[in-house]
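In our numbering, the protein residues as written are 1 to 163.
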């Protein structure tokens with residue numbers, strides 16, 4: 001049957017990865033090393049765990065033989081059981097679609113947060129502009145009042161005393 005990673009086997013059987021590693025270490029479950037990466041055969045999972053159901057073709061015996069003969073002819077005499085691999089690919093596709101949906105939601109949330117941040121920046125910039133305008137207007141009025149006082153003719157000391 002098909003070789004799958006320990007993580008994928010964990011997902012398919014509903015067992016934790018640590019449980020699978022413990023069963024491999026104890027000899028209850030066998031693993032296959034391929035390029036230094038451990039894999040588990042789906043037939044091995046079906047043997048050890050009853051929760052793992054390998055897809056079984058429910059067909060008439062004659063059709064199965066015919067399909068097997070056709071498969072052998074197409075693969076040069078090597079019999080290949082692709083139902084496990086097809087099921088594995090379906091599960092991987094479903095997993096990839098779920099990941100894409102999660103990432104799409106994250107993208108939407110991030111765009112929403114970015115929009116809110118831009119609105120907050122715009123609001124704060126408007127406040128700064130108004131405060132700057134008010135400060136400039138106030139300093140301009142102070143300068144105007146000083147100028148008016150300086151241009152006013154000086155009054156004598158008697159006028160200042162009695163007014």
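We put the CB at the ideal spot given by N, CA and C, even for glycine.
Of the listed residues the options, nearest to residue i (C-alpha basis)
i	options	result
residue 8	24, 28 and 95	95
residue 5	25, 132 and 88	88
residue 26	147, 136, 121 and 48	48
residue 2	31, 135 and 22	31
With 16 other Cβ atoms within 10 Å as the buried cut-off, status of residue i
i	result
residue 37	exposed
residue 59	Note that residue 59 has pLDDT 30, beneath the 50 cutoff, so the model's placement of it is unreliable and no number is given.
residue 20	buried
residue 40	buried
residue 44	buried
Integer Cβ distance of residue i from residue j, believed to fall under 8 Å
i	j	result
residue 12	residue 91	7 Å
residue 42	residue 84	5 Å
Along the chain, which unbroken stretches of the alpha helix (DSSP H) at least 4 residues long are found entirely within the segment 12-37? Entirely contained in the segment 12-37, the alpha helix (DSSP H) runs reaching 4 residues are, in chain order, 17-26.
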